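Here the structure comes first, spelled out in structure tokens, and everything after it is commentary.
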Amino acid sequence: MSDNSTEKKSVAKTRNFIHELVEKDLLEGKNNGRVHTRFPPEPNGYLHIGHAKAICLDFGTAEKFGGKCNLRFDDTNPSKEDQEYVDSIQEDVRWLGFDWEDRLYYASDFFDDLYNFAVRLIKEEKAYIDDQPADLISQQRGTPTKPGTESPYRNRPIEENLDLFERMKKGEFQNGHCVLRAKIDMTSPNMHLRDPLMYRIMHAEHHRTGNKWCIYPMYDFAHGQCDYFEGITHSLCTLEFEVHRPLYNWFADQLADGDYRPRQIEFSRLNLSYTMMSKRKLLQLVEDKLVNGWDDPRMPTISGMRRRGFTPHAIRNLVEKVGITKTEGMVDIAVLEHAVREDLNKSAQRVMGVLDPLKVIITNYPEGEIEMMDAINNPEDESAGQRKVPFTRELYIERDDFMENPPKKFFRLAPGTEVRLRYAYFVKCENVIKDENGNITELHCTYDPASRGGNSPDGRKVKGTLHWVSATENVEAEVRLYDRLFSVEDPANQKDTDFRTLMNPDSLIVLQKCYIEPFVKEAKPLDYFQFERLGYFNIDKDSNNEKMVFNRTLTLRDNWTKQMG
RNA sequence: UGUCCCAUGGUGUAAUUGGCAACACGUCUGAUUUUGGUUCAGAAGAGUCUAAGUUCGAGCCUUAGUGGGACAACCA
Numbered sequence: 000m001s002d003n004s005t006e007k008k009s010v011a012k013t014r015n016f017i018h019e020l021v022e023k024d025l026l027e028g029k030n031n032g033r034v035h036t037r038f039p040p041e042p043n044g045y046l047h048i049g050h051a052k053a054i055c056l057d058f059g060t061a062e063k064f065g066g067k068c069n070l071r072f073d074d075t076n077p078s079k080e081d082q083e084y085v086d087s088i089q090e091d092v093r094w095l096g097f098d099w100e101d102r103l104y105y106a107s108d109f110f111d112d113l114y115n116f117a118v119r120l121i122k123e124e125k126a127y128i129d130d131q132p133a134d135l136i137s138q139q140r141g142t143p144t145k146p147g148t149e150s151p152y153r154n155r156p157i158e159e160n161l162d163l164f165e166r167m168k169k170g171e172f173q174n175g176h177c178v179l180r181a182k183i184d185m186t187s188p189n190m191h192l193r194d195p196l197m198y199r200i201m202h203a204e205h206h207r208t209g210n211k212w213c214i215y216p217m218y219d220f221a222h223g224q225c226d227y228f229e230g231i232t233h234s235l236c237t238l239e240f241e242v243h244r245p246l247y248n249w250f251a252d253q254l255a256d257g258d259y260r261p262r263q264i265e266f267s268r269l270n271l272s273y274t275m276m277s278k279r280k281l282l283q284l285v286e287d288k289l290v291n292g293w294d295d296p297r298m299p300t301i302s303g304m305r306r307r308g309f310t311p312h313a314i315r316n317l318v319e320k321v322g323i324t325k326t327e328g329m330v331d332i333a334v335l336e337h338a339v340r341e342d343l344n345k346s347a348q349r350v351m352g353v354l355d356p357l358k359v360i361i362t363n364y365p366e367g368e369i370e371m372m373d374a375i376n377n378p379e380d381e382s383a384g385q386r387k388v389p390f391t392r393e394l395y396i397e398r399d400d401f402m403e404n405p406p407k408k409f410f411r412l413a414p415g416t417e418v419r420l421r422y423a424y425f426v427k428c429e430n431v432i433k434d435e436n437g438n439i440t441e442l443h444c445t446y447d448p449a450s451r452g453g454n455s456p457d458g459r460k461v462k463g464t465l466h467w468v469s470a471t472e473n474v475e476a477e478v479r480l481y482d483r484l485f486s487v488e489d490p491a492n493q494k495d496t497d498f499r500t501l502m503n504p505d506s507l508i509v510l511q512k513c514y515i516e517p518f519v520k521e522a523k524p525l526d527y528f529q530f531e532r533l534g535y536f537n538i539d540k541d542s543n544n545e546k547m548v549f550n551r552t553l554t555l556r557d558n559w560t561k562q563m564g
């Protein structure tokens with residue numbers, strides 16, 4: 000009902016500077032009113048939350064203007080790429096809720112077209128083969144402040160270039176023997192225009208084209224051209240490609256016949272505090288086994304976040320909250336966490352679990368009796384219904400829900416005080432049992448039979464309501480608690496420090512024996528829950544009936560813990 | 001000795017030039033609550049990097065500074 004108005008509001012808020020540029024193009028009648036974008040990952044790693052921003056923007060912009068968005072794998076460097084990544088990327092994009100329909104492309108689909116285009120440029124004296132080694136070419140390129148100098152091979156005759164290029168393709172040369180360069184301007188203030196490389200020799204097996212090719216196009220020569228071949232109108236990318244734009248346009252001008260030109264527009268990438276978003280470094284974490292794979296719940300990868308219990312809706316919501324600009328900033332991880340809690344609070348099934356058990360014996364409750372208490376599945380959603388929770392003489396409560404010498408404003412159980420066991424009874428602590436070391440081993444309590452369901456007919460109130468689990472009727476589970484992987488706000492930007500030393504040693508805590516109400520037996524992997532008063536959890540993908548494993552997605556906000564410092 | 005980009009509360013974003021700036025997160029109060037959650041009510045917090053200019057009027061336009069970032073991979 001009110002959902003409609005919030006929907007409208009959020010759609011209106013999605014407007015950004017890219018939408019304005021697209022609207023302007025449309026108004027000027029460019030591209031026959033077409034809007035066509037693409038999401039172009041290189042399959043050299045798993046997608047992370049930063050990619051989610053690009054995905055939402057690419058697909059979102061197309062959708063907003065009734066256009067289309069392609070998925071394209073930018074697979075021009077076979078030495079780093081792999082089919083595993085191709086598969087995971089598709090799974091993750093779909094999971095986020097986007098659909099490229101039948102428009103799945105690979106840069107490698109266009110290798111022939113790119114080759115032909117290169118030949119054309121050679122014939123037009125706009126490209127040449129350079130036989131110099133990499134370091135010499137690099138030297139001649141100059142620096143950002145000093146102009147470059149021309150290669151001695153720059154004015155090679157067309158026929159010789161054609162011949163050499165063909166022999167490059169045929170595999171007559173070894174890696175690094177020569178390259179194809181565009182002939183532009185070695186004195187340009189823009190480094191990328193100083194005769195950029197178009198092709199290099201790489202004798203490597205490609206995950207799709209196998210050994211068909213031993214020369215591969217460079218990013219600048221492939222990307223814009225693929226945009227052109229696919230009919231992309233707006234090529235959205237991150238800020239670091241801003242300086243590439245003149246080159247992007249130069250190639251487009253050489254290639255284009257009519258009026259149609261793809262247009263590159265840049266936006267700032269997502270930076271999240273305490274989060275590492277470099278594929279290279281994430282790969283290193285995986286390879287060094289500092290995490291348990293790309294989908295480790297601590298990873299900022301889409302697959303890791305999925306396993307952790309984050310929802311696609313929450314991730315898309317974060318992207319919307321963060322907005323699209325060219326300002327490079329650092330988004331507080333709290334914004335993401337808020338988006339997750341906001342979503343989970345509305346949708347998560349409530350359940351009671353005890354992570355650190357303290358046994359409670361209800362001395363005046365009959366031994367062997369099991370009472371099924373009614374519990375609400377989700378107070379935010381009446382349609383979620385109710386369930387039964389078994390209540391018995393012996394129970395577990397959370398160890399820190401009891402204090403022998405409670406400070407003021409402690410609402411929970413203490414000697415002589417009365418609290419409510421949620422959905423069950425009022426109980427009063429009569430006796431504290433300790434072992435020889437003085438550690439509390441169990442509590443003896445009495446219950447008020449008249450308070451069944453959690454209210455006393457005499458109207459008396461209690462300060463606290465505790466969650467609990469029957470000590471005999473329960474599910475035993477392993478629970479994994481996660482904290483941030485890095486303990487510094489900007490782990491990517493610590494110069495001179497190995498980022499691995501910045502990792503939080505307490506980022507993963509495994510609790511072996513925890514007790515959860517029987518209800519969870521019916522759930523399946525990746526289902527998520529809110530454990531009353533403890534936080535959001537989901538069932539790990541590796542969980543099974545013999546061993547249930549839960550991941551803690553996030554804690555609940557907790558004022559009491561905050562007060563305690 | 002360059003070229004390009006950016007600059008609004010702590011953070012991220014808004015603001016047809018025309019009432020000294022709005023929203024979200026975070027923070028802090030208070031109320032309600034069978035989750036110290038949620039919800040609700042409220043508060044604090046910037047005068048828009050600086051300077052000059054245009055204008056009756058500038059966060060927005062101009063110029064010059066300042067600060068930050070990108071660019072010198074046979075990576076993308």
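Per numbering that gives the first Met the number 0, the very first residue in the first sequence carries number 0; after that it's consecutive. Backbone N, C-alpha and C define an ideal beta-carbon position, used for all residues, glycine too. Treat the numbers as computed from the prediction; the structure is a model and nothing was measured.
In or out: residue i buried (at least 16 other Cβ within 10 Å) or exposed?
{"i": "residue 563", "result": "exposed"}
{"i": "residue 288", "result": "exposed"}
{"i": "residue 371", "result": "exposed"}
{"i": "residue 449", "result": "exposed"}
{"i": "residue 542", "result": "buried"}
{"i": "residue 556", "result": "exposed"}
{"i": "residue 529", "result": "buried"}
{"i": "residue 75", "result": "buried"}
{"i": "residue 3", "result": "Its pLDDT being 34, under 50, residue 3 is placed unreliably by the model, and nothing is read from it."}
{"i": "residue 249", "result": "buried"}
{"i": "residue 458", "result": "exposed"}
{"i": "residue 19", "result": "exposed"}
Is the distance from the Cβ of residue i to the Cβ of residue j below 8 Å?
{"i": "residue 478", "j": "residue 510", "result": "yes"}
{"i": "residue 181", "j": "residue 125", "result": "yes"}
{"i": "residue 48", "j": "residue 343", "result": "no"}
{"i": "residue 428", "j": "residue 362", "result": "no"}
{"i": "residue 225", "j": "residue 119", "result": "no"}
{"i": "residue 329", "j": "residue 277", "result": "no"}
{"i": "residue 453", "j": "residue 499", "result": "no"}
{"i": "residue 354", "j": "residue 396", "result": "no"}
For residue i, write down the residues that DSSP places opposite it in a beta bridge.
{"i": "residue 361", "result": "444"}
{"i": "residue 228", "result": "Beta-bridge pairing links residue 228 to no other residue."}
{"i": "residue 234", "result": "263"}
{"i": "residue 439", "result": "433"}
{"i": "residue 548", "result": "477"}
{"i": "residue 469", "result": "394"}
{"i": "residue 181", "result": "126"}
{"i": "residue 513", "result": "476"}
Pull up the distance between the alpha-carbon of residue i and that of residue j, whole angstroms please.
{"i": "residue 433", "j": "residue 346", "result": "41 Å"}
{"i": "residue 568", "j": "residue 300", "result": "The requested residue 568 does not occur in the structure, where the chain is confined to residues 0 to 564."}
{"i": "residue 169", "j": "residue 214", "result": "9 Å"}
{"i": "residue 364", "j": "residue 350", "result": "24 Å"}
{"i": "residue 549", "j": "residue 87", "result": "23 Å"}
{"i": "residue 545", "j": "residue 388", "result": "21 Å"}
{"i": "residue 90", "j": "residue 97", "result": "10 Å"}
{"i": "residue 144", "j": "residue 188", "result": "8 Å"}
{"i": "residue 10", "j": "residue 312", "result": "Low local confidence applies: a pLDDT of 35 at residue 10 is under 50, so the model's placement there is unreliable, and no value is given."}
{"i": "residue 485", "j": "residue 266", "result": "26 Å"}
{"i": "residue 85", "j": "residue 398", "result": "47 Å"}
{"i": "residue 415", "j": "residue 441", "result": "15 Å"}
{"i": "residue 547", "j": "residue 540", "result": "10 Å"}
{"i": "residue 525", "j": "residue 80", "result": "29 Å"}
{"i": "residue 5", "j": "residue 314", "result": "Low local confidence applies: a pLDDT of 33 at residue 5 is under 50, so the model's placement there is unreliable, with the coordinate-based value given in what follows. Each residue's alpha carbon lies about 17 Å from the other."}
What residue from the options has the CA that sits closest to residue i's CA?
{"i": "residue 512", "options": "474, 174, 22, 288", "result": "474"}
{"i": "residue 230", "options": "260, 212, 208", "result": "260"}
{"i": "residue 337", "options": "325, 355, 318", "result": "318"}
{"i": "residue 470", "options": "79, 392, 255, 108", "result": "392"}
{"i": "residue 197", "options": "158, 157, 247", "result": "247"}
{"i": "residue 22", "options": "140, 232, 199", "result": "232"}
{"i": "residue 476", "options": "517, 42, 331", "result": "517"}
{"i": "residue 158", "options": "184, 379, 122", "result": "122"}
{"i": "residue 128", "options": "256, 244, 435, 164", "result": "164"}
{"i": "residue 106", "options": "77, 94, 130", "result": "77"}
{"i": "residue 331", "options": "14, 520, 274, 117", "result": "274"}
{"i": "residue 560", "options": "424, 532, 130, 551", "result": "532"}
{"i": "residue 65", "options": "447, 38, 50, 32", "result": "32"}
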